[in-house]
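**Q** In the numbering used here, each residue's number is its place in the sequence shown (first place is 1) plus 15. We put the beta carbon where it would ideally sit given N, CA and C, even for glycine.
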Amino acid sequence: MENCVFCKIIDREIPSFIIDEDDTLIVFVSRENHPLIVPKKHIPNIFELDDETAAAIMKKAIKIATATKAALESDGIYITQTNGEAAGQDVFHYHMHIYPKWSDQRTLERDDKSRQDLAEKIKEKLL
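Right, dumping it as structure tokens:
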């Protein structure tokens, strides 16, 4: 898709902090500094998601959530995904958010160095 920011990341037209990648999916750090799981094929929303890609996303979500929790020593993981403008979707390419959460409500810095550090920490836990 020509104007899709995620397609541009997948095609390496926009730099990003990639955590993991395979033939079907890419996982990178969002601007808000948490992992996003994105299919490489442009799929606008869950309503157009095929079974094979959906299964791959859920398998990857388990791995990324586990690695994120271990890497950041978070107390929990919040997983979310929106579909349609009314639901808050702002990038119309299916994606799943993996948010680390702490009991004390701390948050992560959002600068490029922090995003790069997050990507590296999670990668280490994936090995």
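Name the two residues that bound the continuous beta strand (DSSP E) containing THR95.
**A** The sequence position of residue 95 within the sequence shown is 80, counting from 1. Run containing THR95: 91-95, per the beta strand (DSSP E) assignment.
**Q** Using the rule of at least 16 other Cβ atoms within 10 Å of the residue's Cβ for burial, across every protein chain shown, is PHE62 buried or exposed?
**A** One-based indexing of the sequence shown puts residue 62 at position 47. Exposed.
**Q** Would a C-beta distance cut-off of 9 Å place LYS42 and LEU133 closer than the cut-off?
**A** Numbered from its first residue, the sequence shown carries residue 42 at position 27. Numbered from its first residue, the sequence shown carries residue 133 at position 118. The question names Lys, but residue 42 is Val in the sequence shown. No. Outside cutoff.
**Q** Round the Cβ separation of ASN60 and GLY99 to the nearest angstrom and send it over; I've been treating them as touching at under 8 Å.
**A** Counting from 1 along the sequence shown, the entry for residue 60 is found at position 45. Counting from 1 along the sequence shown, the entry for residue 99 is found at position 84. That pair is a contact at about 7 Å.
**Q** Please identify the residue among THR39, GLU135 and PRO115 whose C-alpha is closest to the C-alpha of GLU47.
**A** Residue 47 sits at position 32 when you count from the first residue of the sequence shown. Minimum Cα distance to GLU47 is reached at PRO115.
**Q** Taking only the alpha-carbon atoms, compute the straight-line gap between LEU141 and ASP35 and give it to the nearest angstrom.
**A** For the purposes of this step, residue 141 is taken as the residue at position 126 of the sequence shown. For the purposes of this step, residue 35 is taken as the residue at position 20 of the sequence shown. The alpha-carbon atoms of LEU141 and ASP35 are separated by roughly 9 Å.
**Q** Between the Cα of ASP38 and those of GLU139, ALA82, ASP26 and ILE92, spot the shortest distance and give me the residue it belongs to.
**A** Within the sequence shown, numbered from 1, the residue matching residue 38 stands at position 23. Ranking GLU139, ALA82, ASP26 and ILE92 by Cα distance to ASP38 puts ASP26 first.
**Q** Pull up the distance between the alpha-carbon of PHE21 and that of SER118, whole angstroms please.
**A** In the sequence shown, the residue the question calls residue 21 occupies position 6. In the sequence shown, the residue the question calls residue 118 occupies position 103. Rounded to the nearest angstrom, the two C-alpha atoms are 31 Å apart.
**Q** So for ASP132, helix, strand or coil by DSSP?
**A** Here residue 132 refers to the residue found at position 117 of the sequence shown. Note: ASP132 maps to helix in three-state DSSP.
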